Each structure stands twice: as structure tokens, then as C-alpha cells.
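S.K.:
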Amino acid sequence: MPKVSTAFSGDVGTPVNRGPHPKEKVSNQKYLYWSLLTLAGFAAAAIISLTVPNTQDVRDTAYRFALLGLIVLYTGVAVYSFFDPARRLKLIKRAPFRLAMGIVLLAWDLLSTKLDILPMPFFPGPSKVAGVVLEEYAFLLSNTGYSLRLFLCGFLAGIVLGVGTGILIGWFSRVHYWVFPALKITGVVPAVAWMPFALTIFPTSFMAGVFIIAISAWFPVAYMTSQGIANTHKVYFEVAKTLGAKQSYLLFRVALPNAVPQIFTGISTANGLAFTTLVISEMMGAKGGLGYYINWAKAWSSYYKVYAAIIVMAVLFSLIMKLIALIQSRLLIWQRGLVK
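Under UniProt numbering, the first residue of the sequence shown is numbered 1, with each subsequent residue one higher.
1. Does the region 91-98 come close enough to the region 73-82 to have 3 or more Cβ pairs within less than 8 Å?
2. Since I believe Val254 is in contact with Thr232 (beta carbons under 8 Å), could you give me their beta-carbon distance rounded to a whole number of angstroms?
3. Within its chain, find whatever has a CB closer than 7 Å to the CB of Tyr307; leave out the 5 residues flanking it on each side and keep chain order.
4. Looking at C-alpha atoms only, which residue of Pro126, Thr200, Pro257 and Lys114 is the closest neighbour of Ile333?
5. Determine the burial state of Thr51: buried for a count of at least 16 other Cβ atoms within 10 Å of its Cβ, exposed for fewer.
6. Is the Cβ-Cβ distance between Ser268 and Ile324 less than 8 Å?
7. Taking the continuous alpha helix (DSSP H) assigned at Phe219, which residues delimit it?
8. If you reduce the DSSP assignment to three classes, tell me which class Trp300 lands in.
9. Counting beta carbon pairs with one atom in the region 286-305 and one in the region 242-250, are three or more of them shorter than 8 Å?
10. Identify the continuous alpha helix (DSSP H) that holds Arg88 and give its terminal residues.
11. Could you work out which residue in Gly102, Pro53 and Gln56 is closest to Ala66 when comparing CA atoms only?
12. Mind reading off the beta-carbon distance from Ser226 to Ile169? Whole number of angstroms is fine, and I expect it under 8 Å.
13. Assuming Glu282 is part of the alpha helix (DSSP H), what are its boundary residues?
14. Should Asn143 and Gly266 be called a contact, given that it needs their Cβ atoms to be closer than 8 Å?
15. Counting C-beta neighbours from all protein chains within 10 Å, is the total for Ser318 16 or more, i.e. buried, or is it exposed?
16. For Lys114, count neighbouring Cβ atoms within 10 angstroms of its own Cβ and tell me buried if that reaches 16, exposed if not.
17. Compare the C-alpha of Phe206 against each of Gly228, Cys153, Val163 and Ile167 and name the closest.
18. From what residue to what residue does the alpha helix (DSSP H) around Met120 run?
19. Assign Thr55 to one of three DSSP states: helix, strand, or coil.
20. Which residue comes first and which comes last in the alpha helix (DSSP H) that contains Phe252?
21. Would you mind giving the Cβ-Cβ distance between Ser112 and Arg59, rounded to the nearest angstrom? I have them listed as a contact below 8 Å.
22. Just to confirm the assignment, what range does the alpha helix (DSSP H) spanning Val79 have?
23. If you check the beta carbons only, do Ala309 and Tyr293 fall under 8 Å apart?
24. Of the residues Met224, Ile215 and Ile320, which one's Cα is nearest the Cα of Ala157?
25. Run through DSSP, which three-state label would Val189 get?
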């Protein structure tokens, strides 16, 4: 009897190589080595900051506090992970990258603040960039809050509209006939191209920003949702119909759950597109936000503030991606061990 591959079972006959098993034991000596390696880069960067004199006229207070915070944070992580074998393996896996982070900070500090090889103001050192947090924390925080509010409004609206559109396209053939071509046409148009239209139609720049962010998120979510529903195996529907399932049950309890992995693929793609659109929209006419902050700092040639805003963006984007991955892992717990 031939083996049937399903969206839920995957290729059951093929073992998946997922690296070390979570229950694999790590010796205390090996764990101590990797824990110290995690801290080594940041400790070296702190030593350089404390011992090597500055060539540039920069205060190191904020940068040194940031390094101290990282050292304390990862020390706490190492102590907490000591009692959990799975967390031990995660720390060991991430140790080389964290070491590289410390080395990059060390090299950046040496080439800029300490030796002045990278010229100001275009290449400020980490001390200058970190100092923005102390100098303008209130202004930077308010713009970060504006960006986050604008992003969440547009991104969530795009997800809701995208899932709704994808369900209609994937389930109803007439809707697919009329709407899917329009989806493909509008999908290739960059969302920021709608900015002049949005600024004309909507009364505020905030609402215009929400509109174009929603458009940028709508297309990938709608497309992946429709594909996930349309590609549901017929055998699932046949079995459900045999048991007396109605059309609503087939849609919401068979097709839609089968499309969830594709929906999250669309959401992850939409996250990057929406964040890019967010920054561009704020640069083009918003009254606040990190994109606005970058434009304002650039006008005054305060490039260290530009770098600070970029770092805040990177941290914010990483946290949002982490949150999406966490929700996905909880909803798709049945995939654990079946996919790479």
C-alpha cells in the first residue's frame, strides 16, 4: 500500500535531523567553557573601553553601562540554564554568535573612539551612539512608541484583511476568478507607491501610514492563505463528508487549519515588508516615528542619532519576529519533530 503524505504527517518514513537531542547531557566543564565564551567578547570590549584612552571627545558612560548590562544578562542566562539540559544546549549553540557580537563591538570601539581611524561624523563609535539613550531618551522613546503604534495598526489590519481575502479566494471559485487576478496585479506594486493617493484620501498622515502598511502586509498573507486552503488534500474533505460534515465545518475545521503553516509564512514575509514600508512612510510625511527621527537627525548631520535609531529598529523588528515565531510554535506544536 503506497504511503500517503499529508500536511499534518509530513514524510513520516524519513527521520529528521534536528541536531542534538534536548535530553543530551552536557558536562559541567563543557558548559562552563561555553558560558565563559559567551561572556568573553563583551568582557574584552569592556576592558578595552576602560583601559585604552579615547582619541575622540566622547563620554563612555552609556556604552559601559550597556556592556555591563549584557554581561549581567548573559551571566544570569548561564546560571538559569545550568539546571535545564535543553537550555544548556541552546546556550552552547548561541555562544559563538554572542562572542562575535562582543568582538564586533570591540573592533568598532577601537577603530572609532579609541584610534579615530573611522572619521566623525559619518562613522561614530559605540560610545557616541549609546550616549543618545541618555541624551534624548524621552524623544527617542516617544518616536519609538509612535512607530510601534503605527506598525501594529497597519500590520494587524493587513493580517485580518489578508486572511479574510485568502479564505474567500481559496474556498469560493467565483471569488477566485474575479479577485485573484487583481491580487496578483496589486501585489507587484510597491506599497509606498500608494502614498500620494493615501495622503490625499485620508485626513491624517497616521491614517495614510496605516493604509499603506496594511496593503504591504495584505498581499503575502492573502496569497499564502489562499494557496494553503486551495492545496488541502481532497482525502481530508472526503473523510469529513463521510462523517456528515457540513460546508462550514469543512472550511473552518479542515481547510483553514491545514492552511495555518502557510498563513504564518505569509505573516513572516508581511512583517518584513510592513516594517520597511513603515520606515519609508515615516520619512515621507509622518509627524513622528523612527523614520521621522532619522530624517530629523540627518538634517542636523547627527549621524550617531541615525545609527541609534537603526539599532532600535533592529531590536524592535527582532522582538516582533520572535513574538510571531513564539505564537507559531504554540499553534503548530504538532509540527515539532516533523519539519526541519
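The beta-carbon is built from N, C-alpha and C at its ideal position, and this holds for glycine as well.
These numbers come from a predicted model, not from an experiment.
M.R.: A quick look at the data gives this:
1. The region 91-98 is in contact with the region 73-82.
2. Going by Cβ atoms, the distance from Thr232 to Val254 rounds to 7 Å, so yes, they are a contact pair.
3. Closer than 7 Å at the Cβ level, and outside the excluded window around Tyr307, lie Pro124 and Val129.
4. Between Ile333 and the set Pro126, Thr200, Pro257 and Lys114, the nearest pair of CA atoms involves Pro257.
5. Exposed, since its Cβ has fewer than 16 Cβ neighbours within 10 Å.
6. In contact: Ser268 and Ile324 (Cβ atoms closer than 8 Å).
7. Phe219: member of the alpha helix (DSSP H) spanning Ser205 to Ala230, first to last residue.
8. Coil.
9. Too few Cβ pairs lie closer than 8 Å, so no.
10. From DSSP, the alpha helix (DSSP H) with Arg88 extends over Pro85 to Asp109.
11. Checked all of Gly102, Pro53 and Gln56; the closest Cα to Ala66 is Gly102.
12. About 4 Å separates the CB atoms of Ser226 and Ile169; that is less than 8 Å, so the two are in contact.
13. Glu282: member of the alpha helix (DSSP H) spanning Leu256 to Gly285, first to last residue.
14. At the C-beta level, Asn143 and Gly266 stay beyond 8 Å of one another.
15. By the neighbour-count criterion, in which 16 or more other beta carbons inside 10 Å mark a residue as buried, Ser318 falls on the exposed side.
16. Flag for Lys114 reads buried.
17. When each option's Cα is compared against that of Phe206, the closest is Cys153.
18. Taken as a continuous stretch (DSSP letters only), Met120 belongs to no alpha helix (DSSP H), as it is neither H nor E.
19. Reduced to three states, the DSSP call for Thr55 is coil.
20. Segment: none, Phe252 is in no alpha helix (DSSP H) and carries neither H nor E.
21. Actually they are not in contact, since the Cβ atoms of Ser112 and Arg59 sit about 14 Å apart, beyond 8 Å.
22. Note, Val79: alpha helix (DSSP H), Thr61 to Ser81.
23. It is a contact, given that the beta carbons lie within the stated cut-off.
24. Closest option to Ala157, Cα to Cα, is Ile215.
25. Val189: coil per DSSP, three-state reduction.
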